[in-house]
Structures are given as C-alpha cells and as structure tokens.
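Data first, discussion second: the structure below is written as structure tokens.
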Amino acid sequence: MEIRYWNKEVETASPERIKEIQLERLKKIVAAAFKTQFYSKRLPAVGINSPDDIKSLDDLRRIPFTMKDDLRQSYPKGLLAVDTSEVVRIHTSSGTTGIPTVIYLSANDLNAATDLMARSITCTGADKTDILQNMMSYGMFTGGLCMHYGAERVGMMVIPAASGNTKRQVQLMKDFRTTVLHVTPSYLLHIHSKLPELGIPLKDLALKKAFIGAEPHSENTRKKLESLYNIDAYNSYGLSEMNGPGIAFECQYKKDLHFWEDSYIVEIINPKTGELVKDGEQGEVVLTNLIRSAMPLMRYRTRDLAYLHTEPCECGRTHRRMSRIMGRSDDMLIINGVNVFPSQIEEVIMRVPEVGTNYQILVEKQGALDRLVVKVELYPKMFLGEAKQIEQVKARISDELKASITIKPAIELHEQGTLPVSEGKAVRVVDTREKL
Amino acid sequence: MKIKQISVFLENRKGRLYDVCSLLGKNNINIRALNVAETESFGILRIVVNKPEAAMDAFNEAGIVARLTDVIAVEVEDKPGGLADILKVLSDEDVNIEYMYGFVEKSSDKALMVFRFDDVEKAAEVLTKHNVKIVQEQGVREL
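Residue numbers (our numbering), protein chains in the order written: chain A, 168 to 603; chain B, -17 to 125.
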C-alpha cells in the first residue's frame, strides 16, 4: 500500500521530537492563557505566575482541568485572549442549560486547524483527485465548515451538500461522481435504505470512502457500511471545543485513530479521581489544544471515554492511536450526531405551564436513524377540554425544544401520575439503542 | 341555555375508556351523550351525563384529567333535512361549529344533538331567534 502523508516530517517524528514541539507550543498557549479573564485567575491560584513557570511537560499537570461548565460561565468572552479584530471565525454549541459555549479562531488558528484537517484527510489515502460530498451541517456546527476548509486545502472538489434531503444527496453523488462522503454513520445507513425508492442503483455511484463521525458507533456499524456500499469507512474524532473534526483520524490501515500529538496533548484519566490511567486502560479523554491562541483551552475534560494504543502503526506514523469512543462519563446523549443534554430538555419543558413535573426522555432507533421522544404529563388544572389545545401544547413544546437543542422531538402527553417519578436522573432517560 | 359537557383526557392506553365508564357506573351516573375525539397518541372523551358535578368529583378523586365545558343541546326534527335546516340557520348567521354529536336516547320524536360552538352565547341567541328548541340543563338531568 502506498502510504500518503500531508506532512511526513511531523507525522513520523520521533516521540522525543513530538514532546519538544508540545513543550514549545504549550509555553505559547500558556502565554496566551494569561491574557484571558479565566486563566489569568486560575493559573496564579496554582502557583503558575508566568509562562516561564512551564519548564517541562510535567508542569501541564499543575494546571487544573477545564470543564464544560467553565466554558459556559466564561461565555461569551472570558476565554478570549485577543481583541475581536484578530478573530476570523467563531463557532458556538448549545450549552447544558441554555447558555451556549463559544470558540474563537484567529487567522493563524484557522490555518492550523485547516492544515490538520488536510492531514487527516490525506492519511486516509484520499487526495486532490477525490470529490468530497460534505454531508454535515454547516453554520455554527464545526463539523461542516472545518471539513470543508481542510478538503479545499487538499485540493479536492468539495460539494457543500450539508445535512438532510436524502434525494438531493444521492442525486449529487450520482451527477458529480462523488468519491468521498463526510457523514454520520446513522445517516449513511439511512440513505442506503432509501436507494430502492429513489431509483438510483449503487452501481451508478462512484463512492470509494466515507469519513464517519459526530456520533459513537461500533465496529459492526463500520463493517456494515463498508459492505453495503463497498467502500472504506474511516472513523473521525473531534469536538467543537477543540476546533471540530481533525483531532484524531484513522489512517489507511483503519486500526483506530491517530491523535495529532504535535497539536493536541492527550491525557486519559479516571473520571472519578482525575488521575492518569495506564496506557491501554479506558478513561476520559482530556485535551490541551496547542494550535489555538485566540482562545486557549487546556486540560479540557471531553467526557468521552476511550483508551490509547502505544504500539507503532504499520503506516509509519508515530502519533499514538485512540480507540473508538466507548461512551460518555456524563449524561450527554448523541442523537443523529447532535449533542443533547437531558438538562436542556428539562429546562424547556419546565417552562411550559400545561405540563407537570414528571417527564421521560426516550431515545430509540427508527430504521437507521435515532428518534427522540419526550414524554410529559398534562397538568390537570390547565386542561381546557379540547383536543386542539393538546395539539397546540405538543407543537409548542416541540418548537421550543427545536430552538434549544436543534432537533425536533416527538412529544407525548400523558395523564398525571403515569410517568415514573424522578428518583435521580437515570429513570428520566431511556436509551434503547444498541450499546457499544 | 347551556348544558355541561365533561371532556376527559385519555392517553392511548388499553382499558382507559373502560376505567372511566366503570367509574361512572359505580357512582350511579348515567351517560346521555358520548363522543370520542381521537388522535394518534391520545383521545378526548366528551360526555353529557345526568350528574355532571358528581362525575367531576369522581374524576378528580380518581386522578382522571377532566374539564367541564359549555355546550348546547338542541332538538332536531327526526325527518330528512331536519339537521340541515338547523345547520343552514347557523351558517347564514356565521356561527362556527367546532364539533357535534348525537344523544344516546330520544325523549320524543325529536333527535337530540350536542353542539360545541366557539361562541356559545351568540349561537344560543341565533338558535332561539330561529325557534330551534334548546334542551335545558334540567331536561338533561331528567332524561
């Protein structure tokens, strides 16, 4: 197999060389961090008073973890290290209780993120002769735009199809001879089930590869996609807080994801104790972004659970590999690639006077796609006796949830006293999808 | 002029309609008229009973979601075009009907229909003006 590199020197650098790059970049990030409201308080509190106090990579562990809630508390500018005139892009993601989180990128930051995306694409063996159909949503979500920029840098022809509209997606694949897809695995499965009714046989398409990400999936799902479409599917890892996709990617050998360690410091910790776990042990992924100065983020707890490989990869890359994501250390749900916290749903339904305090969130598979059902109880005193009132209440809850979590759930209204009474969060959420 | 209808919210669950009807039976309450509005996931049972207050007490105690609403019951000539005559009056006077259904029994050679209007007061006025006979609450209790 011909191995393709975007930046061979960095991708195959010795572990010592990678550590040198990390330390050099970490110092710059710490220097930037001192310019933010958030870290300028937090770093001195642990005895780090200037970037010069970072003398080795071990000093990173003196810095406390940064949590999602810290991002929320710092919204909108608490983690911004530069004047907004230096910023060329922001992305926001919805927060756990209605307050969003934001990331800022300077021109340099965006350039570095784009380069890493190009490296990720190239490590799968794709190149400028490929035609990429980007089926992730554009806009505030990082998955769409970041992949788009990276693919353009590689020189691919990019079809910015965005998500949804299955008929048009397949038509575009056919008309423009798409060779590579960027898509969530559940949507790609869904499309396959629609091909017969669309009247476009698989032999009319030129697909070779799919980059699958934005939602956890099993090895079985990958194998199924590969055999259904006769393609190679590559697992992609990213999160908006860290710039989006392009943090870790599978190479041509498809044996787990190379973490780009020159650009991110990865630690795997025990989520309960915060201590580092041994290599090969599952734990929570903690990331330090080394390529973003406009908004530094260090030791960020992703809540994603995975483990690291240390043995070398046949592709020759020295960057350690991470397993697929095995789960979450919090209660976040990933529904058709969209991150949803139960607390966001609770916040919306508690504002609706027509419903009581008991509710249940059901996530299930409907065909290949995820389906979210929110069950609430009708508050008896608010019942006006008409079916249309019930329909209006359902529509209103559905619309308000759409505004908050960006997906439109099915709403079920139940009689009082029929839903399980809350005794902790677990009973509120029922997820019947296959476990990884 | 108006009579009381009870609307009961029923989630789509086996035996739920039975629960409601048997509760009425146990309390010796008689159903005079009945209609079910159904959707995919829930139903609204609309009933006219001989003892609406007692029925509401029983529902509240049993935790059944119910609400009293005002409807009008009218006598319809039991002959071809009998209902059409009344509908024409309502249509000519711009009175909007939300829904309607029939009584279970008849007191005479007239059929009894329950109407729910968005403007009950105006409907009552129009019907009276055109000499349509409206059943009074006492009449329902004694049926």
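Using N, Cα and C, we set each Cβ at its ideal position, and we do this for glycine too.
#1: What does B/E(-7) reach in chain A if we use C-beta pairs closer than 9 Å?
#2: Excluding the 5 residues preceding and the 5 following A/R209 in the sequence, name in chain order all residues of the same chain whose CB lies nearer than 7 Å to its CB.
#3: Please name the residue in B/E20, B/A44, B/L16 whose C-alpha comes closest to that of B/V31.
#4: Determine the burial state of B/N10: buried for a count of at least 16 other Cβ atoms within 10 Å of its Cβ, exposed for fewer.
#5: Between the alpha carbons of A/E478 and A/K186, how many angstroms are there, rounded?
#6: Starting from B/T21, follow the alpha helix (DSSP H) in both directions and report where the run begins and ends.
#7: For A/F426, report the span of its alpha helix (DSSP H) as first-last.
#8: Kindly indicate if chain B contains any beta-carbon less than 9 Å away from that of A/E558.
#9: Which residue comes first and which comes last in the alpha helix (DSSP H) that contains A/T469?
#10: Do A/K561 and A/L586 have their beta-carbon atoms positioned less than 9 Å apart in this structure?
#11: Buried or exposed: A/I288, going by 16 or more other Cβ atoms within 10 Å of its Cβ?
#12: Below 8 Å, can you find three or more Cβ-Cβ pairs linking the segment 277 to 287 of chain A to the segment 242 to 249 of chain A?
#13: If we require 3 or more residues per run, which beta strand (DSSP E) segments fall completely within the segment 309 to 349 of chain A?
#14: Determine which residues share a DSSP beta bridge with B/R49 and list them.
#15: Any Cβ of chain A within less than 9 Å of the Cβ of B/F24?
#16: Would you mind telling me which residues of chain A sit closer than 7 Å to B/I49, beta carbon to beta carbon, in chain order?
#17: Taking beta-carbon pairs under 8 Å, can you tell me which members of the segment 5 to 19 of chain B lie near chain A?
#18: Determine the closest residue to A/K202 out of A/P218, A/A212, A/K439, A/R192, with distance taken between C-alpha atoms.
#19: Quick check on the DSSP output: the beta strand (DSSP E) that includes B/V102 runs from which residue to which?
#20: Against chain A, does B/G(-3) count as a neighbour if the rule is that its beta carbon must be under 9 Å from one of theirs?
#21: Among B/L94, B/E87, B/E20, whose alpha-carbon lies nearest the alpha-carbon of B/V53?
#22: Which residues does DSSP pair with A/M166 in a beta bridge?
#23: Taking only the alpha-carbon atoms, compute the straight-line gap between A/N503 and A/S252 and give it to the nearest angstrom.
#24: Would you list the residues sitting across from A/L454 in a DSSP beta bridge?
#25: With DSSP as the reference, label A/V213 as helix, strand or coil.
#26: I'd like to know if the segment 344 to 356 of chain A and the segment 303 to 319 of chain A are in contact, where contact means that at least 3 CB-CB pairs between them fall below 8 Å.
#27: Give me the residue from A/D297, A/V255, A/S260, A/G523 with the minimum Cα distance to A/L277.
#28: How many Å lie between A/E567 and A/V515 at the Cα?
#29: What is the rounded straight-line gap between the Cα of A/I188 and the Cα of A/R459?
#30: A/G483 to A/I221, Cα distance in whole Å?
#31: Can you tell me whether A/L545 is buried or exposed? The criterion is at least 16 other CB atoms within 10 Å of its CB, across all chains shown.
#32: Is the segment 434 to 451 of chain A touching the segment 288 to 302 of chain A, taking contact as three or more C-beta pairs under 8 Å?
#33: Pick helix, strand or coil for A/N174, following the three-state DSSP scheme.
#34: Does B/G84 have its Cβ less than 9 Å from a Cβ in chain A?
#35: Indicate the three-state DSSP secondary structure (helix, strand or coil) for A/F378 in the structure shown.
#36: Measuring only the C-alpha atoms, how far is B/A105 from A/V596?
A quick look at the data gives this:
#1: For this step, residue -7 of chain B is matched to residue 11 along the second sequence. Chain-order list of chain A residues neighbouring B/E(-7): L545, E579, L580, H581, E582, T585, by C-beta distance under 9 Å.
#2: Here residue 209 of chain A is taken as the residue at index 42 of the first sequence, counted from 1. Once the five neighbours on either side are set aside, the close Cβ partners of A/R209 are P231.
#3: For the purposes of this step, residue 31 of chain B is taken as the residue at position 49 of the second sequence. The shortest C-alpha separation from B/V31 is found at B/L16.
#4: As a first step, residue 10 of chain B must be located in the second sequence, where it is residue number 28. Per the 10 Å Cβ criterion, exposed.
#5: Along the first sequence, read from residue 1 onward, the residue named residue 478 of chain A stands at position 311. Along the first sequence, read from residue 1 onward, the residue named residue 186 of chain A stands at position 19. Cα-Cα distance, rounded: 17 Å.
#6: The sequence position of residue 21 of chain B within the second sequence is 39, counting from 1. From DSSP, B/T21 is part of no alpha helix (DSSP H); its letter is neither H nor E.
#7: Residue numbering aside, residue 426 of chain A sits at position 259 when the first sequence is read from its first letter. From DSSP, A/F426 is part of no alpha helix (DSSP H) but of the beta strand (DSSP E) over 424 to 426.
#8: On the first sequence, residue 558 of chain A is found 391 positions in, with the first residue counted as 1. At least one chain B Cβ lies under 9 Å of A/E558.
#9: Stepping through the first sequence from its first residue, residue 469 of chain A is reached at position 302. Segment 467 to 473 is the beta strand (DSSP E) holding A/T469; no alpha helix (DSSP H) there.
#10: The residue labelled residue 586 of chain A in the question sits at position 419 within the first sequence. The residue labelled residue 561 of chain A in the question sits at position 394 within the first sequence. No, Cβ-Cβ distance for A/L586 and A/K561 is not below 9 Å.
#11: On the first sequence, position 121 is the one that residue 288 of chain A refers to. Classification of A/I288: buried, given that the 10 Å Cβ count is 16 or more.
#12: Counting C-beta pairs closer than 8 Å gives fewer than three between the segment 277 to 287 of chain A and the segment 242 to 249 of chain A, which falls short of the contact rule.
#13: The segment 309 to 349 of chain A contains these whole beta strand (DSSP E) runs: 324 to 326.
#14: Working through the second sequence from its first residue, we reach residue 49 of chain B at position 67. When DSSP reads this structure, B/R49 sits in a beta bridge with B/S(-11).
#15: The residue given as residue 24 of chain B occupies position 42 in the second sequence. Taking Cβ atoms only, chain A reaches closer than 9 Å to B/F24, which makes this a yes.
#16: Locating residue 49 of chain B in the second sequence gives position 67, counting from the first residue. It should be noted that the sequence gives Arg, not Ile, for residue 49 of chain B. For the C-beta of B/R49, the chain A residues within less than 7 Å are, from N- to C-terminus, F550, L551, G552.
#17: A19: these are the residues of the segment 5 to 19 of chain B whose beta carbon lies less than 8 Å from some beta carbon of chain A, given in chain order.
#18: Taking the first sequence and counting its residues from 1, the one referred to as residue 202 of chain A is at position 35. The candidate whose alpha carbon is nearest that of A/K202 is A/P218.
#19: To locate residue 102 of chain B, count along the second sequence from 1; it is residue 120. No beta strand (DSSP E) contains B/V102, which is instead part of the alpha helix (DSSP H) from 102 to 111.
#20: Along the second sequence, one-based indexing puts residue -3 of chain B at 15. No, because no Cβ of chain A sits closer than 9 Å to the Cβ of B/G(-3).
#21: On the second sequence, residue 53 of chain B is found 71 positions in, with the first residue counted as 1. Of the candidates B/L94, B/E87, B/E20, the one whose C-alpha sits nearest the C-alpha of B/V53 is B/L94.
#22: One cannot answer for residue 166 of chain A here, as it falls past the ends of chain A, which runs 168 to 603.
#23: The residue you call residue 503 of chain A lines up with position 336 of the first sequence. The residue you call residue 252 of chain A lines up with position 85 of the first sequence. Each residue's alpha carbon lies about 35 Å from the other.
#24: Here residue 454 of chain A is taken as the residue at index 287 of the first sequence, counted from 1. Its beta-bridge partners are A/V433, A/Y467.
#25: Within the first sequence, numbered from 1, the residue matching residue 213 of chain A stands at position 46. Here A/V213 sits in coil by DSSP.
#26: Touching, yes.
#27: Position 110 of the first sequence, counted from the first residue, corresponds to residue 277 of chain A. The shortest C-alpha separation from A/L277 is found at A/V255.
#28: Position 400 of the first sequence, counted from the first residue, corresponds to residue 567 of chain A. Position 348 of the first sequence, counted from the first residue, corresponds to residue 515 of chain A. If you take the alpha carbons of A/E567 and A/V515, they lie about 7 Å apart.
#29: Looking up residue 188 of chain A in the first sequence gives position 21. Looking up residue 459 of chain A in the first sequence gives position 292. C-alpha separation (whole angstroms): 14 Å.
#30: Translated into positions along the first sequence, residue 483 of chain A becomes position 316. Translated into positions along the first sequence, residue 221 of chain A becomes position 54. Annotation: A/G483 to A/I221 spans about 31 Å, alpha carbon to alpha carbon.
#31: Here residue 545 of chain A refers to the residue found at position 378 of the first sequence. Result: buried.
#32: Between the segment 434 to 451 of chain A and the segment 288 to 302 of chain A, the count of C-beta pairs closer than 8 Å stays below three; the two stretches do not touch.
#33: To locate residue 174 of chain A, count along the first sequence from 1; it is residue 7. For A/N174, the three-state secondary structure derived from DSSP is coil.
#34: Counted from its first residue, the second sequence places residue 84 of chain B at position 102. By this cut-off, B/G84 is not an interface position.
#35: For this step, residue 378 of chain A is matched to residue 211 along the first sequence. A/F378 carries a strand assignment under DSSP once its states are collapsed to helix, strand and coil.
#36: Within the second sequence, residue 105 of chain B is the residue found at index 123, counting from 1. Within the first sequence, residue 596 of chain A is the residue found at index 429, counting from 1. Roughly 48 Å separates the two Cα atoms.
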